[in-house]
Amino acid sequence: MNKLSILLFLSIFLFSCGEKTPFDKGEPAPKFETQDVEGNSQTIEKHTKEGKIVLLYFWADWCPTCKQEFPETQTYYEKLQKEGLEILAINVKQPKEASEKFKEQFGATFPMLIDADGKISDLYQVTELPTNFFIDSEGKIIRKIVGWVSEQQAEVILKQQK
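Okay, structure coming up:
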């Protein structure tokens, strides 16, 4: 019985010490290229090479939390953009028109990216909305947050990167 317990413990230990996931802190953020609602090409590198911290914000117009938090996100973007935050809002598996409507409805001034085929959300293994990734100026993952990102959270993450 004792040998069986040891074997079970070792098995659990070895399997729990698996490889890093692509979203561990310090790992490179998966790269992508897409267009925003204005037709401009968008990449993470475009913003990180400017020394900015990028918040990838995965959302959809059918998501109640996304609708609720969008006005606050716009408000803190206006404030924190000056401190080096760039938000790239990625509309998951919806047509461009859904992003255009949301942008107009909420007065969003941050780039609204199109992911109609879901390739970017699949690349980031997004299974819940909203899902957020903070990426540093070197293109590495700082933090993943599933759910609402408050202004306070965004400020703390920005300050930690300075």
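Position 86 of the sequence shown, counting from 1, maps to 85 under numbering that gives the first Met the number 0, and the rest follow consecutively.
We put the CB at the ideal spot given by N, CA and C, even for glycine.
Small disclaimer: the values here were computed from a predicted structure and weren't measured.
Residue i classed as buried or exposed, judged by whether at least 16 other C-beta atoms fall within 10 angstroms
i      : result
Val155 : exposed
Lys81  : exposed
Thr72  : buried
Glu85  : buried
Pro70  : exposed
Beta-carbon proximity list for residue i, same chain, < 7 Å, skipping 5 on both sides
i     : result
Ser40 : Glu32, Gln34
Cys62 : Leu128, Pro129
Ile43 : Ala28, Lys30, Val53, Ile134, Gly138
Under 9 Å between C-beta atoms of residue i and residue j
i     : j      : result
Phe57 : Asp135 : no
Lys51 : Gly83  : yes
Ala97 : Asp121 : no
Sequence-distant residues of its chain with Cβ nearer than 8 Å to residue i (five each side left out)
i     : result
Lys95 : Val36, Ile113, Ala115
The beta strand (DSSP E) enclosing residue i, as first and last residue numbers
i      : result
Lys139 : No beta strand (DSSP E) holds Lys139; DSSP gives it neither H nor E.
Asn131 : 130 to 134
Where the alpha helix (DSSP H) through residue i begins and ends
i      : result
Glu150 : 150 to 159
| field | Residue ranges of each beta strand (DSSP E) within the region 48 to 126, 3 or longer | value | Counting whole runs of 3 or more residues, the region 48 to 126 contains the beta strand (DSSP E) stretches 52 to 58, 84 to 91, 111 to 114.
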